[in-house]
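Trainee: One structure, pasted below without further comment.
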Amino acid sequence: MSITDRSSTGIAKGESLQDVAEMFNNYGDCVVLRDTSVESIEEMIHSLRIPIINAGNGIDEHPTQAMSDLYTIFKWRPSLLLPDSEAFSPIKIGVIGVPSQMRTVRSLLKMFTHFPRIVDEIFLLYDESVEEAVSSEQLAQLEEAGVKVSIGHDLNAVLPELDVVYINSIAWVGESFETYGKSFKLSADSPFKPDAIVLHPLARGEELCTSLDATPHNWYFSQARGAVFLRQALLTCMVQRASTVMDVI
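This is how it looks when you write it as structure tokens:
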């Protein structure tokens with residue numbers, strides 16, 4: 732069941748998310764919530780007795796996007812899953828975005844704290860005009876996990892070193908969005924490493940030129956395709972149906 736218009740629910744009459752959650756307990760096996768409010772997840776889980784998946788809560792988090800991002804990286808370089816193999820080599824990652832405003836970037840950085848061995852170094856790049864682009868708490872979380880982070884503002888200066896380039900420019904704020912980092916743009920002429928890949932949560936803007944689409948650097952469409960499988964697997968686990976599909980796979 733898909734509910735995309737709040738005006739079609741009791742929320743339009745002032746019903747709380749806690750009460751909505753109480754109703755959902757009777758209707759389904761799992762809730763997937765995407766909401767403009769940062770507090771929406773916390774408000775709903777108090778009444779839920781079924782699993783909930785956060786599909787984006789305001790500017791706060793987007794966990795399934797981060798899972799999809801990591802899945803894509805592992806598909807690109809499977810040896811990262813084999814830390815004891817001779818082929819294993821940690822990667823340098825460039826993250827172009829504003830963690831304090833972009834839920835995709837914040838969740839991706841948090842994801843790397845769970846897989847610190849695959850990261851040689853993260854280069855966090857954002858426009859100098861942005862104030863408090865990343866919180867001291869998140870930097871401390873990365874440091875505590877053993878992830879080396881360098882902060883910079885010159886994309887082309889570090890681009891030749893990067894194995895993975897993750898770029899985003901959109902931050903969802905309320906019912907609209909804001910654009911950051913207009914000075915950062917990637918194209919087929921950018922000084923990439925020969926085997927570097929580019930990731931983007933999509934939809935894209937001017938920051939990601941279509942000239943990259945036909946190059947080996949384009950892994951953002953594979954990223955979108957893999958997200959379907961990742962979310963199918965997550966839903967299957969959340970509703971405890973894994974045993975019923977394993978003979979099909």
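Taken in order, the sequence shown gives residues 732 to 980; the numbers are from this note's numbering.
Just so you know, even glycine gets a beta-carbon here, dropped at the ideal spot from N, CA and C.
Under the rule that 16 or more other beta-carbon atoms within 10 Å means buried, what is Thr803, buried or exposed?
Mentor: With 16 or more Cβ atoms within 10 Å of its Cβ, Thr803 is classed as buried.
Trainee: Out of Gln796, Met775, Ser816 and Val895, which one is the CA nearest neighbour of Glu746?
Mentor: Met775
Trainee: Alpha carbon to alpha carbon, what distance is there between Leu917 and Ser935?
Mentor: Before going further, note that residue 935 is Arg rather than Ser in the sequence given. Spanning the two alpha carbons is a distance of roughly 11 Å.
Trainee: If Val829 sits next to Ala864, beta carbons under 8 Å apart, how far is it from one beta carbon to the other, in whole angstroms?
Mentor: 5 Å
Trainee: Quick one: grab the DSSP three-state call for Lys879.
Mentor: Lys879 falls in the coil class under three-state DSSP.
Trainee: What runs of the beta strand (DSSP E), each 3 residues or longer, lie entirely inside the segment 756 to 781?
Mentor: 762 to 766
Trainee: Looking at the secondary structure, which residues open and close the alpha helix (DSSP H) in which Asp800 lies?
Mentor: Pro794 to Trp807
Trainee: Taking only three categories from DSSP, how would you classify Val751?
Mentor: helix
Trainee: Looking at the secondary structure, which residues open and close the beta strand (DSSP E) in which Val850 lies?
Mentor: Val850 to Leu856 is the span of the beta strand (DSSP E), which, as asked, contains Val850.
Trainee: With DSSP run on the structure shown, which of helix, strand or coil describes Ala786?
Mentor: strand
Trainee: On the CB-based measure, 16 or more other CB atoms within 10 Å of its CB, does Glu792 come out buried or exposed?
Mentor: buried
Trainee: Please classify Ile680: does DSSP put it in a helix, a strand, or coil?
Mentor: The requested residue 680 does not occur in the structure, where the chain is confined to residues 732 to 980.
Trainee: Does the segment 854 to 871 come into contact with the segment 828 to 843, if we say contact requires no fewer than three beta-carbon pairs (one atom in each stretch) closer than 8 Å?
Mentor: Short answer: they touch.
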